[in-house]
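S.K.:
Residue numbers (the working numbering): 35 to 222.
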């Protein structure tokens, strides 16, 4: 006889999310957060990228926000996601920024972690160091989440298509395995 294991949702702490930043907060019980790569200053965010964050929240994401830098930006994401154990997926979308390369750095971070000097292993950015968070938080984050990267899409439009993003968020919150793009996603 196979026993079904039920995964319980928990209420995040009152101080959640602990880090401020340019993000929207949605359903705290959702298993998905969305990271949108930002290649402009915060006061000049293109309307399309703002729409991506709104669509993510409307589709049911816990958090949807922007990643501009390969170090402090990643640290803030780690802190906010670790503070909410319900989050198990990170959807990464947008267009890579030259120089900082936050998308490639974030992917390398989830895949490889950091070395003993806190440099993100395999990162191609200029300053991929995570000095302001604990190794325990880093390891917990890497164990807690699975990355759903839309950056692999050859067609750049798919990386920033609100309907594609909405469909991927929806797939992450389904109870049954749902195939989408090159992924099979669900919330058990």
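Quick reminder that beta carbons are idealized off the backbone N, C-alpha and C, glycines included.
The structure presented is a predicted model; accordingly, all values stated were derived computationally and were not measured.
Is the stretch 50–65 touching the stretch 109–126 in the sense that three or more CB pairs, one from each, lie closer than 8 Å?
M.R.: Enough Cβ pairs lie closer than 8 Å, so yes.
S.K.: In the DSSP assignment, find the alpha helix (DSSP H) that holds residue 107 and state where it starts and stops.
M.R.: Locating residue 107 in the chain shown gives position 73, where the first residue counts as 1. That run of the alpha helix (DSSP H) goes 106–116.
S.K.: Using the three-state DSSP reduction, which class does residue 132 fall into: helix, strand or coil?
M.R.: Here residue 132 refers to the residue found at position 98 when the chain shown is read from its first residue. If DSSP states are grouped into helix, strand and coil, residue 132 belongs with coil.
S.K.: Here's the rule: buried if 16 or more other CB atoms are within 10 angstroms of the residue's CB, otherwise exposed. What is residue 76?
M.R.: For the purposes of this step, residue 76 is taken as residue 42 along the chain shown, with counting starting at 1. By the 10 Å Cβ count, residue 76 comes out exposed.
S.K.: Can you name, in chain order, every residue of its own chain whose Cβ lies under 7 Å from the Cβ of residue 89, other than the five neighbours on each side?
M.R.: Taking the first residue of the chain shown as 1, we reach residue 89 at position 55. Only 196, 199 and 200 meet the Cβ criterion.
S.K.: Please identify the residue among 135, 93, 163 and 123 whose C-alpha is closest to the C-alpha of residue 106.
M.R.: Counting from 1 along the chain shown, the entry for residue 106 is found at position 72. The option with the nearest alpha carbon to residue 106 is 163.
S.K.: Any chance the stretch 163–173 sits against the stretch 127–138, with 3 or more Cβ pairs inside 8 Å?
M.R.: Segments in contact, no.
S.K.: Leaving aside the five residues before and after residue 82 along the sequence, list all residues of the same chain whose C-beta is less than 7 Å from its C-beta, in chain order.
M.R.: If you number the chain shown from 1, residue 82 lands on position 48. Closer than 7 Å at the Cβ level, and outside the excluded window around residue 82, lie 194.
S.K.: Please work out which residues of its chain come closer than 8 Å, Cβ to Cβ, to residue 174, disregarding the five sequence neighbours upstream and downstream, and give them in chain order.
M.R.: As a first step, residue 174 is located in the chain shown; it is residue number 140 there, counting from the start. For residue 174, where only same-chain residues beyond five positions count, the Cβ hits under 8 Å are 116.
S.K.: In the DSSP output, what is residue 8 paired with across the bridge?
M.R.: Examination of residue 8 is not possible in this model, given that the chain is present from 35 through 222 alone.
S.K.: Do residue 148 and residue 99 have their C-beta atoms closer together than 8 Å?
M.R.: Here residue 148 is taken as the residue at index 114 of the chain shown, counted from 1. Here residue 99 is taken as the residue at index 65 of the chain shown, counted from 1. No, they are not a contact pair.
S.K.: Should residue 138 and residue 170 be called a contact, given that it needs their Cβ atoms to be closer than 8 Å?
M.R.: Here residue 138 is taken as the residue at index 104 of the chain shown, counted from 1. Here residue 170 is taken as the residue at index 136 of the chain shown, counted from 1. No; because the gap between Cβ atoms is not below 8 Å, this pair is not in contact.
S.K.: Between which two residues does the alpha helix (DSSP H) containing residue 93 stretch?
M.R.: The residue given as residue 93 occupies position 59 in the chain shown. Per DSSP, residue 93 belongs to the alpha helix (DSSP H) from 81–93.
S.K.: Along the chain, which unbroken stretches of the beta strand (DSSP E) at least 3 residues long are found entirely within the stretch 189–222?
M.R.: The qualifying runs are 212–214 and 217–219.
S.K.: When burial is assigned at 16 or more other CB atoms within 10 Å of the CB, is residue 20 buried or exposed?
M.R.: Not covered by the structure: residue 20. The range shown for the chain is 35 to 222.
S.K.: Taking only the alpha-carbon atoms, compute the straight-line gap between residue 109 and residue 167 and give it to the nearest angstrom.
M.R.: The residue you call residue 109 lines up with position 75 of the chain shown. The residue you call residue 167 lines up with position 133 of the chain shown. In a straight line, the C-alpha of residue 109 is about 7 Å away from that of residue 167.
S.K.: Specify, as a first and last residue, the run of the alpha helix (DSSP H) that residue 45 falls within.
M.R.: Here the question's residue 45 lines up with position 11 in the chain shown. Segment: none, residue 45 is in no alpha helix (DSSP H) and carries neither H nor E.
S.K.: Does the Cβ of residue 203 have 16 or more other Cβ atoms within 10 Å, making it buried, or fewer, making it exposed?
M.R.: Locating residue 203 in the chain shown gives position 169, where the first residue counts as 1. It counts as buried.
S.K.: For residue 53, does the three-state DSSP call read helix, strand or coil?
M.R.: For this step, residue 53 is matched to residue 19 along the chain shown. In the structure shown, residue 53 sits in coil (DSSP, three-state: anything other than H, G, I, E or B).
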